[in-house]
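First the structure, in the form of structure tokens, and then the observations on it.
2 protein chains.
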Amino acid sequence: MAKITSVSPLAPAAFPDLPVIDGVRFASAAAGVRYEGRTDVMLALLAPGSTVAGVFTRSATRSASVLDCQAKIGADSDDGAAILVNSGNSNAFTGKAGDGSVAAICDAVAAATGLPAARVFTSSTGVIGERLPHDRITAKIDALVADLDAAKAPEAARAIMTTDTFPKGACTTVSLPGGGVKIAGFAKGSGMIAPDMATMLVYVFTDAKIARADLQTLVGGINDRTFNCITVDSDTSTSDTLLMGATGTSGVEVTAEDGAFADALEGLFRDLAHQVVRDGEGATKFVTVKVTGAASDADARTHALAIANSPLVKTAVAGEDPNWGRIVMAIGKSGAAADRDSLSIRFGDLLVAENGWVAPGYREEDGAALMKRPEIDISVDIGLGTGSATVWTCDLTHGYISINADYRS
Amino acid sequence: MAKITSVSPLAPAAFPDLPVIDGVRFASAAAGVRYEGRTDVMLALLAPGSTVAGVFTRSATRSASVLDCQAKIGADSDDGAAILVNSGNSNAFTGKAGDGSVAAICDAVAAATGLPAARVFTSSTGVIGERLPHDRITAKIDALVADLDAAKAPEAARAIMTTDTFPKGACTTVSLPGGGVKIAGFAKGSGMIAPDMATMLVYVFTDAKIARADLQTLVGGINDRTFNCITVDSDTSTSDTLLMGATGTSGVEVTAEDGAFADALEGLFRDLAHQVVRDGEGATKFVTVKVTGAASDADARTHALAIANSPLVKTAVAGEDPNWGRIVMAIGKSGAAADRDSLSIRFGDLLVAENGWVAPGYREEDGAALMKRPEIDISVDIGLGTGSATVWTCDLTHGYISINADYRS
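Quick note, the sequences are listed as chains A and B, same order.
With the first sequence counted from 1, adding 71 to any position gets you this note's numbering.
With the second sequence counted from 1, adding 71 to any position gets you this note's numbering.
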């Protein structure tokens, strides 16, 4: 595995000051799953009455913990819930033994907390295909339960890191007619999947009172517009998991139709999603790709992802090269409807191409100046309809090759 | 643009000794389209009675010359045909001016050869979005026609190179009941699209007598199993073109049902396709990905391309890392049907994973030894059905980043 020695140049200035969410407590520990000298297990315990929703990778080879979460997430319960996450080993492609590890961890958390095992959700992130040494984790459960503290979310965010160069957190408050509610969360991820060692995991908590079905609707819809709109390298993890818990301790009721809460939650999801891109392996540029005028929203998304995933577009951005011909290529190959003569391309506000050719007023030096910025906006109007989509990505650099090819796993 | 200073380590030992195909003659010239000190235009002239077939990129932003070829390729004619190709400028995304350039070149070739313009096919490869200085090309047409020579295919193969580090040729003969026929061809390509400067172009000739519709059937079908099964970087060119001419000068008739001819042609297409991969930008490994046991051939192809295009698989190969977990990841993300517990993975003959986990007898050092080879075979059996597919690709290295990011176009 590559030694990550420096923090991403695109990292936020600091980890945010996460507020306490009444009804959820955190603890972390060093279980020695794979790493030495750092924490690698975190436990979050949600009070009775909390609801939990989640979205998961659609990978056909998803991990044992993802499969277990999916089997549990649709059930209603007033018992509360626990989330146990380890880093260093993804427990993916570990056959039936992997299922056994998940069961052992869930049983141990259930025994220590008094929860039914059906209310224990787990995630694992790290190397694929190696048996999870779950005994090292279960040996720490009692200590984790004893250490639970509502203020320890920042430590939990650090315990789940793998190749991440910084911990990722976000928080917000929403004023609703019934009172104020808080939302706080953290994430990890540095590639869709990274050098044997990464994936995207997200945990978000609120003190709003939200029915399970409403929470699931909110989480699913907003996830499609945030975490499902980022790409580092087009490779999808076997372990992607987003879990959200609503403790209800504020007493403020929220439904799936509550626009103010949904907007705040989307902002928080987007913030965490952007932080994952900003920690993309080898990233030096944060790129927003916005497509409008497509025949449908789905077509717009197809075009945007074709641009964002194109190695030639990503290397052009890395080289600060305003190479709009590669964007034309990516649109052309995407498979979605496009017409050469109706599309237009902008870098930031700069019109680069239109009417099937370079824009008359475009000057290469203006494009080159824009590409020197750390944040690049690429906007494409397809000129065929009203479909739109925005995705976020990073550049493809020698750093990515170094992390993923220069070192043996 | 990157300076390419050394020949790919995966290049064949030498350019083959292409046989003369009676009825087709070649010429090349230095027109100064973009490059200095080298040839950049080639003309192939096919005798009256020749049939021509072709396949082209499906890009929605394909070039003016591709659109012109597609409009012409389905017509029957006994007039013969000409193929005029330039390197240095792709005449793609050049608006209506690009169409005018194609017409000007076709008209000039028609005037110099006595052919109707409808029988002149053109290709252009190189920078996207810059107006093609077609006057430089048309100024050379008379000299090209005067130089036409049946033995000058090797020079033609060199004139169409862009970032290619070696010219690509192949030839074969087929003994048929009616007599022997010859097939010879050449290609260029170094990425599906390369640093502003490349694409894949293929020209194949035979002295067999083949009706146009039969030739199109042969070319289309075999292309799907050869050139459409290679990927360097998942980026599809705006100019991909394959043209095949059958002069009929051998007097030996061939139909689309002739298995011996089709097999020989497929071998030649495959040879040229492999040479394109061997010249992939930055390539140090030639990788064959074979998928069997999929629910359908289409599913097998989806899995194979997901593996071949995965940046994490490609960087693992570059790092000589037997990282089969990344292959599991790629299968999982492909969208085609797979089941964790039924798939198996082999490197060469070495069984790596089966039954949802690492194979009991697999030793990491055996996998590592196999990965040191310049040619890597990755075989996956999905275990669900009888669908199969084979694709070919190369690794993703610092060389790719250097060619595409370190230099401004």
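From the three backbone atoms N, C-alpha and C, an ideal C-beta is built for every residue, glycine too.
Quick caveat, the model's predicted, so the values are computed rather than measured.
ask   = Mind checking if B:Leu467 is an interface residue toward chain A, Cβ cutoff 8 Å exclusive?
value = Among the residues facing chain A, B:Leu467 is included, as its CB has a counterpart in that chain under 8 Å away.
inquiry  = When you compare the CB of B:Trp395 with every CB in chain A, is at least one pair closer than 8 Å?
reply    = So yes, B:Trp395 belongs to the interface.
query = Along the segment 92 to 117 of chain B, what residues have a CB closer than 9 Å to any CB found in chain A?
reply = Within the segment 92 to 117 of chain B, contact with chain A at the beta-carbon level (separation under 9 Å) is assigned to no residue.
ask   = Considering only C-alpha positions, which residue in the set B:Arg444, B:Gly319, B:Thr302 and B:Asp370 is nearest to B:Asp311?
value = That would be B:Thr302, whose Cα lies nearest to the Cα of B:Asp311.
inquiry  = Applying the 10 Å Cβ sphere with the 16-neighbour rule, what's the burial state of A:Ser136?
reply    = If you draw a 10 Å sphere on the C-beta of A:Ser136, you find 16 or more other C-beta atoms in it, and that means buried.
key: Distance, B:Leu272 Cα to B:Phe237 Cα   = Rounded to whole angstroms, B:Phe237 to B:Leu272 spans 14 Å at the Cα level.
key: Contacts around B:Ser194, its chain only, beta-carbon distance under 6 Å, and the 5 residues preceding and following it disregarded   = Exclusion of the five residues before and after B:Ser194 leaves Ser136, Val156, Leu272 and Thr312 as the residues of its chain whose Cβ lies within less than 6 Å of its Cβ.
request  = State the DSSP-derived secondary structure class of B:Val112, mapped to helix, strand or coil.
outcome  = The DSSP-derived three-state label of B:Val112 is strand.
ask   = Excluding sequence positions up to five away, which residues of its chain have a Cβ less than 8 Å from the Cβ of B:Ala408?
value = For B:Ala408, where only same-chain residues beyond five positions count, the Cβ hits under 8 Å are Ala365, Ala366, Asp370, Ile453 and Leu455.
At least 3 beta-carbon pairs within less than 8 Å: the segment 84 to 98 of chain A vs the segment 108 to 120 of chain A = Yes, the segment 84 to 98 of chain A is in contact with the segment 108 to 120 of chain A.
Start and end residues, alpha helix (DSSP H) containing B:Leu376 = That run of the alpha helix (DSSP H) goes Asp368 to Asn380.
inquiry  = Quick check on the DSSP output: what are the complete alpha helix (DSSP H) runs of length 4 or more inside the segment 388 to 456 of chain A, in order along the chain?
reply    = Counting only runs of 4 or more, we get 395 to 404 and 435 to 442.
task = Could you list which residues in chain A have their beta carbon closer than 9 Å to that of B:Ile402, in chain order?
result = Per Cβ cutoff of 9 Å: Ser130, Ala131 and Thr132.
task = Could you tell me which chain E residues have their CB closer than 9 Å to the CB of A:Val123, listed as they occur along the chain?
result = Protein chains in the displayed structure are A and B, and chain E is not among them.
ask   = Residue range of the alpha helix (DSSP H) that A:Phe97 falls in?
value = In this chain, A:Phe97 is not harboured by any alpha helix (DSSP H); it is covered by the beta strand (DSSP E) spanning Val95 to Ala100.
query = If you measure from the beta carbon of B:Trp428 to each beta carbon in chain A, is any gap under 8 Å?
reply = Answer yes: the Cβ-Cβ gap between B:Trp428 and chain A drops below 8 Å somewhere.
ask   = Does the beta carbon of B:Ala175 sit closer than 8 Å to a beta carbon anywhere in chain A?
value = For B:Ala175, the answer is no, since every Cβ of chain A falls outside 8 Å of its Cβ.
query = Using the beta-carbon of each residue, which ones in chain B are nearer than 8 Å to A:Ile301?
reply = Ordered by position in chain B, no residue passes the 8 Å Cβ test against A:Ile301, which lies about 15 Å from the chain.
ask   = Applying a beta-carbon distance threshold of less than 7 Å, which residues of chain B neighbour A:Val191?
value = Listed along chain B, no residue sits closer than 7 Å to A:Val191 by beta-carbon distance, the nearest being about 22 Å off.
task = On a CA-only basis, which of B:Gly458, B:Trp428, B:Val216 and B:Ala131 is nearest A:Lys167? Give me that one, please.
result = Checking every option, the nearest Cα to that of A:Lys167 belongs to B:Trp428.
task = Give every residue of the same chain whose Cβ lies closer than 6 Å to the Cβ of B:Thr363, excluding the five residues on either side of it in the sequence, and list them in chain order.
result = The residues are Asp452 and Ser459.
request  = Name, please, each residue of chain B whose Cβ falls closer than 9 Å to the Cβ of A:Ile199.
outcome  = What A:Ile199 touches in chain B: Asn394, Trp395, Gly396, Arg397, Val399 and Met400.
task = Go through its chain and collect everything with a Cβ distance to B:Val123's Cβ below 6 Å, but skip five positions before and after it.
result = Once the five neighbours on either side are set aside, the close Cβ partners of B:Val123 are Ala152 and Gly316.
query = Among B:Asp295, B:Ala354, B:Asp278 and B:Thr128, which has the Cα closest to the Cα of B:Phe340?
reply = Closest by alpha carbon: B:Asp295.
ask   = chain B beta carbons: is any one of them nearer than 8 Å to that of A:Phe164?
value = Yes, contact with chain B.
key: Every unbroken beta strand (DSSP E) within the segment 236 to 322 of chain A, with a cutoff of 3 residues, ordered by chain   = Complete beta strand (DSSP E) runs here, min 3: 239 to 247, 250 to 259, 272 to 277 and 312 to 317.
inquiry  = Using only CA atoms, which one of B:Ser77, B:Pro80, B:Glu352 and B:Phe86 lies nearest to B:Asp342?
reply    = Closest option to B:Asp342, judged by alpha-carbon separation, among B:Ser77, B:Pro80, B:Glu352 and B:Phe86: B:Phe86.
ask   = Mind checking if A:Thr297 is an interface residue toward chain B, Cβ cutoff 8 Å exclusive?
value = Chain B, which has no Cβ nearer than 8 Å to the Cβ of A:Thr297, makes this no.
request  = Leaving out five residues on either side along the sequence, give the residues of the same chain with a beta carbon under 7 Å from the beta carbon of B:Asp437.
outcome  = Taken in chain order, the residues that qualify are Leu421.
Inter-residue CB distance, B:Phe276 and B:Ala227 (contact presumed, cutoff 8 Å) = About 11 Å separates the two Cβ atoms, so there is no contact after all.
key: Chain-ordered chain A contacts of B:Ala327 [CB-CB under 9 Å]   = What B:Ala327 touches in chain A, judged by beta-carbon distance under 9 Å, is nothing: the nearest beta carbon there is about 28 Å away.
query = Does the beta carbon of B:Leu343 come closer than 8 Å to any beta carbon on chain A?
reply = For B:Leu343, the answer is no, since every Cβ of chain A falls outside 8 Å of its Cβ.
ask   = Starting from A:Val104 and walking both ways along the alpha helix (DSSP H), at which residues does that stretch end?
value = Element bounds for A:Val104: n/a, residue is neither H nor E.
C-alpha distance - A:Ala387 paired with A:Glu435, whole-angstrom precision = Roughly 14 Å between the two C-alpha positions.
key: Simplified DSSP assignment, three categories, for B:Leu383   = DSSP places B:Leu383 in helix when its eight states are reduced to three.
request  = Classify A:Thr209 as helix, strand or coil using the three-state DSSP reduction.
outcome  = Here A:Thr209 carries a helix assignment [DSSP, helix/strand/coil].
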